[in-house]
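Protein chains: 2
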Amino acid sequence: MRAALGPAFFTKLAAIVSAQHVKIDDAVRVAYGADALKRGRQPDAVVLPANTEEVAAVVRLCGRHRIPIVPRGAGTGYTGGAVPTHGGVVISLERLNRILEIDEANLVAVVEPHVVTGALQAAVEKVGLFYPPDPASLNESVIGGNVAECAGGPRAFKYGTTKQYVLGLEVVLPTGEVVRTGGKVVKNVVGYDLTHLFVGSEGTLGIITRIILRLVPRPPVQATLRATFRDVEAAVQAVINIIRARVVPAAVELIDGDSLEAVAQYLQVRSLAPGGTGAMLLLEVDGVPPAVAEEATRVESACAEAGATEVLRAGDEAERQELWRVRRELSRSLKMIAPLKYNHDVVVPKGRIPSLFALVHRLREEYRLRIPCFGHAGDGNIHVNIMVDPNDAAEIARAHEAERALFEGVVALEGSISGEHGIGFAKAPFVPLELTAETIALMKRLKRAFDPDDILNPGKIFP
Amino acid sequence: MRAALGPAFFTKLAAIVSAQHVKIDDAVRVAYGADALKRGRQPDAVVLPANTEEVAAVVRLCGRHRIPIVPRGAGTGYTGGAVPTHGGVVISLERLNRILEIDEANLVAVVEPHVVTGALQAAVEKVGLFYPPDPASLNESVIGGNVAECAGGPRAFKYGTTKQYVLGLEVVLPTGEVVRTGGKVVKNVVGYDLTHLFVGSEGTLGIITRIILRLVPRPPVQATLRATFRDVEAAVQAVINIIRARVVPAAVELIDGDSLEAVAQYLQVRSLAPGGTGAMLLLEVDGVPPAVAEEATRVESACAEAGATEVLRAGDEAERQELWRVRRELSRSLKMIAPLKYNHDVVVPKGRIPSLFALVHRLREEYRLRIPCFGHAGDGNIHVNIMVDPNDAAEIARAHEAERALFEGVVALEGSISGEHGIGFAKAPFVPLELTAETIALMKRLKRAFDPDDILNPGKIFP
Numbered sequence: 003m004r005a006a007l008g009p010a011f012f013t014k015l016a017a018i019v020s021a022q023h024v025k026i027d028d029a030v031r032v033a034y035g036a037d038a039l040k041r042g043r044q045p046d047a048v049v050l051p052a053n054t055e056e057v058a059a060v061v062r063l064c065g066r067h068r069i070p071i072v073p074r075g076a077g078t079g080y081t082g083g084a085v086p087t088h089g090g091v092v093i094s095l096e097r098l099n100r101i102l103e104i105d106e107a108n109l110v111a112v113v114e115p116h117v118v119t120g121a122l123q124a125a126v127e128k129v130g131l132f133y134p135p136d137p138a139s140l141n142e143s144v145i146g147g148n149v150a151e152c153a154g155g156p157r158a159f160k161y162g163t164t165k166q167y168v169l170g171l172e173v174v175l176p177t178g179e180v181v182r183t184g185g186k187v188v189k190n191v192v193g194y195d196l197t198h199l200f201v202g203s204e205g206t207l208g209i210i211t212r213i214i215l216r217l218v219p220r221p222p223v224q225a226t227l228r229a230t231f232r233d234v235e236a237a238v239q240a241v242i243n244i245i246r247a248r249v250v251p252a253a254v255e256l257i258d259g260d261s262l263e264a265v266a267q268y269l270q271v272r273s274l275a276p277g278g279t280g281a282m283l284l285l286e287v288d289g290v291p292p293a294v295a296e297e298a299t300r301v302e303s304a305c306a307e308a309g310a311t312e313v314l315r316a317g318d319e320a321e322r323q324e325l326w327r328v329r330r331e332l333s334r335s336l337k338m339i340a341p342l343k344y345n346h347d348v349v350v351p352k353g354r355i356p357s358l359f360a361l362v363h364r365l366r367e368e369y370r371l372r373i374p375c376f377g378h379a380g381d382g383n384i385h386v387n388i389m390v391d392p393n394d395a396a397e398i399a400r401a402h403e404a405e406r407a408l409f410e411g412v413v414a415l416e417g418s419i420s421g422e423h424g425i426g427f428a429k430a431p432f433v434p435l436e437l438t439a440e441t442i443a444l445m446k447r448l449k450r451a452f453d454p455d456d457i458l459n460p461g462k463i464f465p
Numbered sequence: 003m004r005a006a007l008g009p010a011f012f013t014k015l016a017a018i019v020s021a022q023h024v025k026i027d028d029a030v031r032v033a034y035g036a037d038a039l040k041r042g043r044q045p046d047a048v049v050l051p052a053n054t055e056e057v058a059a060v061v062r063l064c065g066r067h068r069i070p071i072v073p074r075g076a077g078t079g080y081t082g083g084a085v086p087t088h089g090g091v092v093i094s095l096e097r098l099n100r101i102l103e104i105d106e107a108n109l110v111a112v113v114e115p116h117v118v119t120g121a122l123q124a125a126v127e128k129v130g131l132f133y134p135p136d137p138a139s140l141n142e143s144v145i146g147g148n149v150a151e152c153a154g155g156p157r158a159f160k161y162g163t164t165k166q167y168v169l170g171l172e173v174v175l176p177t178g179e180v181v182r183t184g185g186k187v188v189k190n191v192v193g194y195d196l197t198h199l200f201v202g203s204e205g206t207l208g209i210i211t212r213i214i215l216r217l218v219p220r221p222p223v224q225a226t227l228r229a230t231f232r233d234v235e236a237a238v239q240a241v242i243n244i245i246r247a248r249v250v251p252a253a254v255e256l257i258d259g260d261s262l263e264a265v266a267q268y269l270q271v272r273s274l275a276p277g278g279t280g281a282m283l284l285l286e287v288d289g290v291p292p293a294v295a296e297e298a299t300r301v302e303s304a305c306a307e308a309g310a311t312e313v314l315r316a317g318d319e320a321e322r323q324e325l326w327r328v329r330r331e332l333s334r335s336l337k338m339i340a341p342l343k344y345n346h347d348v349v350v351p352k353g354r355i356p357s358l359f360a361l362v363h364r365l366r367e368e369y370r371l372r373i374p375c376f377g378h379a380g381d382g383n384i385h386v387n388i389m390v391d392p393n394d395a396a397e398i399a400r401a402h403e404a405e406r407a408l409f410e411g412v413v414a415l416e417g418s419i420s421g422e423h424g425i426g427f428a429k430a431p432f433v434p435l436e437l438t439a440e441t442i443a444l445m446k447r448l449k450r451a452f453d454p455d456d457i458l459n460p461g462k463i464f465p
């Protein structure tokens with residue numbers, strides 16, 4: 003296979019996308035050989051097509067030579083989805099970066115894959131509309147990658163994940179054919195729902211070149227609250243009380259004591275919360291003003307009933323940003339604990355979050371590791387961060403044992419080993435913990451129906 | 003194939019489900035040989051398994067003998083999805099009819115397929131929760147059928163269709179294997195999204211035996227409004243004004259003049275609306291009381307600005323039911339026009355509803371047919387009812403020509419030939435109007451990956 007990747011092949015690539023958009027120098031190959039996971043193999047070449055036709059032509063060329071293809075967005079993923087496992091050609095979608103249409107009457111946006119998610123949000127908010135999915139990476143990650151991975155974020159509890167907003171796609175199949183799925187209409191039941199099969203398929207079934215997104219009206223106001231608790235159990239009780247009070251907050255973020263300490267250290271303040279705080283909730287409700295005021299009061303009561311040690315409500319935008327600051331600085335702050343982070347986005351039914359924290363507590367003791375946790379308590383999606391020193395081989399070995407124990411425990415709690423990061427190659431060995439052999443076999447048959455020669459993003463998802 | 007369906011085979015079926023749950027008498031075969039479409043072929047046998055294991059055993063037995071299998075819910079579909087095209091065995095899920103769990107803390111219900119949709123709604127509303135999808139058939143149709151067809155309804159504009167509420171499934175594959183997809187968590191990105199591939203697959207990929215549904219808090223109050231207009235254009239302008247005012251009503255139902263006349267005739271009243279009414283909107287907003295009051299006022303202004311001739315708001319539950327009565331009696335009333343109805347659930351982007359009505363107007367003239375229309379204006383999903391006398395062969399021939407012209411026109415308007423009824427066998431010949439040959443070929447490869455011998459619900463979806 004490798005033999006085909008010589009100068010003659012690069013010339014053929016250049017004939018499609020022009021020579022300047024075929025990169026084979028080492029610096030580029032290193033850059034496109036990793037994502038946020040910081041592992042993987044370098045591609046032999048990186049190509050930057052200008053449009054769907056060029057993507058399709060590159061796919062057909064690679065297909066004829068059986069050369070692996072890896073589609074790539076912004077490379078912010080945590081599981082190696084956009085990184086080769088077998089070399090080959092990375093197709094970077096970075097030149098397909100236009101917002102093609104914001105259709106206010108039909109509440110729809112049509113975009114190319116390499117539009118930065120935050121930029122799309124800003125563009126639609128300018129006309130009073132709203133694109134809710136808000137992965138933490140939203141200022142760097144792009145819509146195409148969000149769709150390929152089915153990105154989530156804090157707002158998923160109220161608004162759903164990326165999946166809920168994709169109405170239609172243009173996709174280049176591994177055969178080089180171009181198909182269009184769905185459309186500008188919310189309802190369409192003609193044939194199989196290919197649209198939602200491509201969402202979250204991690205670039206293994208097709209390369210997304212155009213996306214039709216559903217928009218909703220922008221909620222006019224928000225109320226942001228912070229509640230502190232002695233322990234995680236009390237914080238989860240508050241979440242359950244909120245649901246019992248039939249309030250659906252736009253965000254229900256949970257931060258544990260270890261994470262809070264790391265942020266305090268990072269921001270060089272003595273403490274971010276009252277003494278004895280073992281867990282913090284950051285809560286936001288949104289909507290029309292009278293409803294928001296009423297719901298915020300119900301959230302305050304729900305927290306108080308669960309034994310909150312303090313409940314604050316932001317009085318203005320500056321105070322709101324101050325409350326969110328802790329959440330935003332979390333990822334950076336964890337580097338104060340250790341330089342390397344194994345960040346796992348596990349999910350359990352939300353009533354079982356205390357069991358998940360009990361499990362993490364056991365792992366901390368048993369494997370002598372620091373494991374700060376935070377995440378989206380509303381949907382039970384908790385980021386469990388196993389922190390390690392990359393130069394300490396023994397610690398790394400213990401971390402890998404803890405990882406497996408974590409995934410086994412999560413599955414036993416009727417949860418899932420990935421809520422929003424996907425599988426890529428990093429989590430592929432653990433898939434059989436969650437899916438049966440029959441299910442994996444079915445998914446492999448499905449992959450084969452799309453990609454008989456296994457040239458598109460090989461080595462991903464399947465163990 | 004037929005030869006296998008003799009007494010020896012029926013004995014084997016009886017060994018799985020017991021003799022009393024294998025029906026081969028003519029009355030039963032006639033009853034299970036039709037749905038709301040009133041066409042199709044009779045099965046050779048109807049079996050009523052008691053549980054997943056029995057469903058799987060029946061599937062394996064039929065598979066060994068290559069006998070077609072048709073899964074069936076309540077048989078309320080309009081496209082023949084639950085009716086054989088090649089004889090064989092109907093597997094009726096009617097004994098799998100339990101609500102297994104309503105989990106208030108996790109906002110989840112676990113049900114068997116043959117729970118009547120309206121009964122599930124009543125059960126969850128009793129504890130302050132809400133299952134929004136509301137197909138017109140909700141008092142007869144069952145959740146399993148709703149999932150297999152991805153049923154919609156008036157509330158889809160605000161709340162989405164059935165798809166948005168399915169979190170996980172247990173499915174018997176055509177191979178007789180049992181797989182479980184998704185789970186009790188809202189976020190799960192482990193492998194391909196099989197759950198949403200089964201939703202809307204019309205019983206061609208697997209037989210659904212258990213469903214995990216997402217619930218939301220029940221909106222505490224509603225405001226229901228009725229606005230009348232001189233013509234459909236003005237009504238659609240009102241819908242666009244409502245969207246511009248950033249209100250998302252729970253229902254936006256449009257009823258045209260012909261439909262209103264039929265209801266008036268059926269109810270034996272002189273008129274249901276002010277003279278000169280060419281279109282009516284039934285609107286409902288829901289949520290917490292202060293927000294609902296504010297939104298209802300914005301809806302009234304939006305209608306007035308579009309030139310509404312009258313706007314009424316229900317003052318109490320009795321008045322609310324009175325306003326909804328017209329919509330509820332529509333289907334029955336159309337029988338006043340002609341005994342046979344070709345009911346097509348086409349969709350266009352909502353800004354193009356006036357073009358759709360212009361098209362229907364042309365069809366009325368050109369083919370000399372009565373075609374009353376009504377439907378879900380919020381999502382552009384309009385029920386176009388071609389009314390015919392079943393004894394008038396010439397009229398039926400004209401109706402079929404009009405059907406094809408309608409579908410061609412809808413596709414030209416960037417719409418879809420089916421928004422909520424599915425394809426079954428009735429619309430299969432028209433699928434190539436909407437999907438390209440490449441897309442159909444891909445869907446067929448996908449079908450083959452699930453069902454290599456084409457034994458599950460053959461003759462459906464594909465032309």
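As you go down the protein sequences, you meet chains A and B in turn.
Residues in the first sequence are numbered from 3 upward in steps of one, following the numbering used here.
Residues in the second sequence are numbered from 3 upward in steps of one, following the numbering used here.
Note that CB positions come from ideal geometry on N, CA and C, so glycine has one too.
Query                                                                                                                              : Result
Straight-line gap, Glu286 of chain B to Ala264 of chain A (C-alpha atoms, nearest Å)                                               : 49 Å
Selected residue, minimal CA-CA separation from Arg212 of chain B, among B:Met389, B:Val149, B:Ala158                              : B:Val149
Chain A within 9 Å of Ile213 of chain B, Cβ atoms only                                                                             : no
Where Gln123 of chain B falls: helix, strand or coil (DSSP)                                                                        : helix
Cβ neighbours of Pro291 of chain A in the same chain (closer than 8 Å, five flanking residues each side left out)                  : Pro222, Val223
Leu475 of chain B versus Leu122 of chain B - alpha carbon distance                                                                 : Residue 475 of chain B lies beyond the stretch modelled for chain B, which goes from 3 to 465, so this question has no answer here.
Alpha helix (DSSP H) segments (min. 4 residues) lying fully within the segment 42-73 of chain B                                    : 54-66
Chain B contact for Arg182 of chain A (CB, 9 Å cutoff)                                                                             : yes
Classification of Ala240 of chain B by the beta-carbon crowding that lies within 10 angstroms, buried from 16 upward               : buried
Those residues which DSSP pairs with Gln509 of chain A across a bridge                                                             : This structure does not reach residue 509 of chain A, given that chain A is present from 3 up to 465, and the question cannot be answered.
Selected residue, minimal CA-CA separation from Ala111 of chain B, among B:Leu169, B:Asp391, B:Pro341, B:Asp233                    : B:Leu169
Which residues DSSP lists as bridging Pro276 of chain A, in chain order                                                            : DSSP, once it has assigned bridges, lists no residue as partnering Pro276 of chain A.
Cβ contact check for the segment 418-428 of chain B and the segment 177-193 of chain A: 3 or more pairs under 8 Å                  : yes
Start-to-end residues for the alpha helix (DSSP H) that takes in Tyr161 of chain A                                                 : 158-161
Neighbour flag for Asp391 of chain B against chain A, beta carbons, 9 Å                                                            : no
Interface residues of chain A facing Leu175 of chain B [CB-CB closer than 8 Å]                                                     : Glu440, Leu444
Assigned secondary structure, Thr183 of chain B (DSSP; H/G/I helix, E/B strand, else coil)                                         : strand
Arg354 of chain B in three-state terms, based on DSSP                                                                              : helix
Chain A contact residues for Val113 of chain B, given Cβ-Cβ distances below 8 Å                                                    : Here the premise fails: no neighbours, minimum Cβ distance about 17 Å.
Phe464 of chain B, DSSP secondary structure in three states                                                                        : coil
When A:Leu365, A:Pro392, A:Lys40, A:Asp347 are compared against Gly382 of chain A, the one with the closest alpha-carbon           : A:Asp347
Alpha-carbon spacing of Pro135 of chain B relative to Ala124 of chain B, whole angstroms                                           : 13 Å
Pick from B:Ala236, B:Leu109, B:Val301 that is closest to Ala247 of chain B, judged by C-alpha positions                           : B:Val301
Listed by chain order, chain A residues near Ala163 of chain B by CB distance under 8 Å                                            : In the sequence under discussion, the amino acid at residue 163 of chain B is Thr, which differs from the Ala named in the question. Those within 8 Å of Thr163 of chain B in chain A are Val188, Lys189.
Cβ separation of Gly75 of chain A and Val144 of chain A, assumed to be a contact under 8 Å, to the nearest whole Å                 : 4 Å
Proximity test, Cβ basis, 9 Å: Ser418 of chain B and chain A                                                                       : yes
C-beta contact flag for Leu256 of chain A and Phe376 of chain A at 9 Å                                                             : yes
Inter-residue Cα distance where the pair is Ile69 of chain B and Leu7 of chain B                                                   : 8 Å
Cutoff 8 Å; reference Pro45 of chain B; Cβ partners in own chain excluding five residues on either side                            : Arg31, Tyr34, Gly35, Val72, Pro86, Gly89, Gly90, Val91, Val92
Which of helix, strand or coil DSSP assigns to Lys25 of chain B                                                                    : strand
Residues of its chain near Met338 of chain A, where Cβ-Cβ distance is below 7 Å and the 5 sequence neighbours each way are ignored : Ala264, Gln267, Tyr268
Same chain only: Cβ atoms within 6 Å of Thr311 of chain A, ignoring 5 sequence neighbours per side                                 : Thr230, Pro276
Beta-carbon proximity list for Ala10 of chain A, same chain, < 7 Å, skipping 5 on both sides                                       : none
For Tyr34 of chain B, the three-state DSSP class (helix, strand or coil)                                                           : coil
Contact the segment 442-462 of chain A vs the segment 164-179 of chain A: 3+ CB pairs below 8 Å                                    : yes
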